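Each remark here refers to the structure printed beneath this line.
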Amino acid sequence: MNSMLLKGKTALVTGAGRGIGKAIAIRLAEAGADVVINYNTSEDGAKETAEIVEGAGVKALVIKADVSNPEEVKEMFGRIKDEFGMVNILVNNAGILKDSLLLMMKDDMWDDVIDTNLKGPYLCMKYAVKMMMREKYGKIVNISSIIGRRGNAGQVNYAASKAGLIGMTYSAAKELGKMGIRVNAIAPGVIQTDMIAHLKDDYIEHLKEGIALGKLGTPEEVAEVVLFFASPASDYVTGQVIGVDGGQVI
Ligand SMILES: NC(=O)c1ccc[n+]([C@@H]2O[C@H](COP(=O)([O-])OP(=O)(O)OC[C@H]3O[C@@H](n4cnc5c(N)ncnc54)[C@H](O)[C@@H]3O)[C@@H](O)[C@H]2O)c1
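Per the numbering used here, residue 173 is the first one in the sequence shown, and the count goes up by one each step.
Pasting the structure below:
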């Protein structure tokens, strides 16, 4: 895609210190956007992402904030306002897993996953929308998961958070469309990042059998679809979920 497609836009990518978020931040920078790189614990990774973003000739701003913490999210948007005045593109990418079978799940495992994966995007959307409304234009991309569409044993908390994010995408798209704000979601399949590093090789081979393209995805392949949703190429698209899963859900 055209390298100046997002020139003059500011994008916030949450959890951009590694994995899919890092690839998204870099891809949006390559397309000309200034990028706010949010992280919670991956400080070194966030700084490395910022160097690559700046190498693309755009501005980078690194902000530490736990997306599930209302005060920290408020402060983050205050800093974005001071630095850029605006956020035009919000990518709700930060997410965690705390897997357990239902009967063994501790309440805090439920709370942590729902707080990060669902309350975090809600808080970030609220502040971003306030800024986007003024421009009557904005792009929100929520990174859900194949698990939010299909479920998975041992992941009731994660599945609930990611299905919730899809429901929130549908509702927000309906609510915000007349203000020119587009809200879409991506449901990645199995993507090669630290998040799946704990999966055993034979389980990965088993998973591949259920993937039409027969292979795992890369963070860069997810980032390309985020760029589509972030760019004017998708201006008449809202309230949609695209599976970036190699054909795992068909
Ligand atoms: N890897 C996969 O197979 C896969 C599949 C489907 C969906 N996803 C989703 O994609 C997104 C990115 O996943 P990934 O694979 O890159 O995982 P990852 O664990 O490599 O990266 C997630 C990032 O989010 C950050 N983060 C976690 N909690 C945070 C918080 N409270 N505030 C701010 N940042 C926080 C982490 O520090 C980390 O840098 C997640 O939402 C995940 O659920 C991943």
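Ideal placement from N, C-alpha and C gives every residue a C-beta, glycine not left out.
Fair warning: this is a prediction, and the values are worked out from it, not measured in the lab.
Beta-bridge pairing of residue i - partner residues as DSSP gives them
i, result
"V398", "Answer is none; V398 lacks a bridge partner."
"Q327", "S272"
"V313", "V263, N356"
"L233", "V208"
Buried versus exposed, by CB contacts within 10 Å (16 or more), residue i
i, result
"P404", "exposed"
"S214", "buried"
"E202", "buried"
"N356", "buried"
"I318", "buried"
"K372", "exposed"
"V362", "buried"
"I353", "buried"
"A369", "exposed"
"I422", "exposed"
"Y375", "exposed"
Reference residue i, options the options, closest by Cα
i, options, result
"E307", "L275, V259, A345", "V259"
"P242", "T288, G386, R322, M351", "T288"
"G336", "V285, M305, Y309, T365", "V285"
"M305", "N264, A197, A344", "A344"
"G320", "P293, A402, P360", "P360"
"I268", "E244, V239, A402", "V239"
"K350", "D407, T221, V245", "D407"
Within-8 angstroms CB hit, residue i to chain D
i, result
"S272", "Reference to chain D is not applicable here, since this structure consists of a single protein chain."
Do the region 371-390 and the region 401-419 touch if we need at least three Cβ pairs shorter than 8 angstroms?
Contact between the region 371-390 and the region 401-419 is present, because at least three Cβ pairs lie under 8 angstroms.
Could you tell me whether the region 237-253 touches the region 293-308, using the rule of 3 or more Cβ pairs below 8 angstroms?
yes
Any 3 or more C-beta pairs closer than 8 angstroms across the region 177-197 and the region 387-401:
The answer is yes - the region 387-401 touches the region 177-197, with three or more Cβ pairs under 8 angstroms.
Segment contact flag, the region 209-225 with the region 180-190, C-beta cutoff 8 angstroms, min 3 pairs:
yes
Within the chosen definition, does the region 345-352 reach the region 264-278 through at least 3 CB pairs nearer than 8 angstroms?
no
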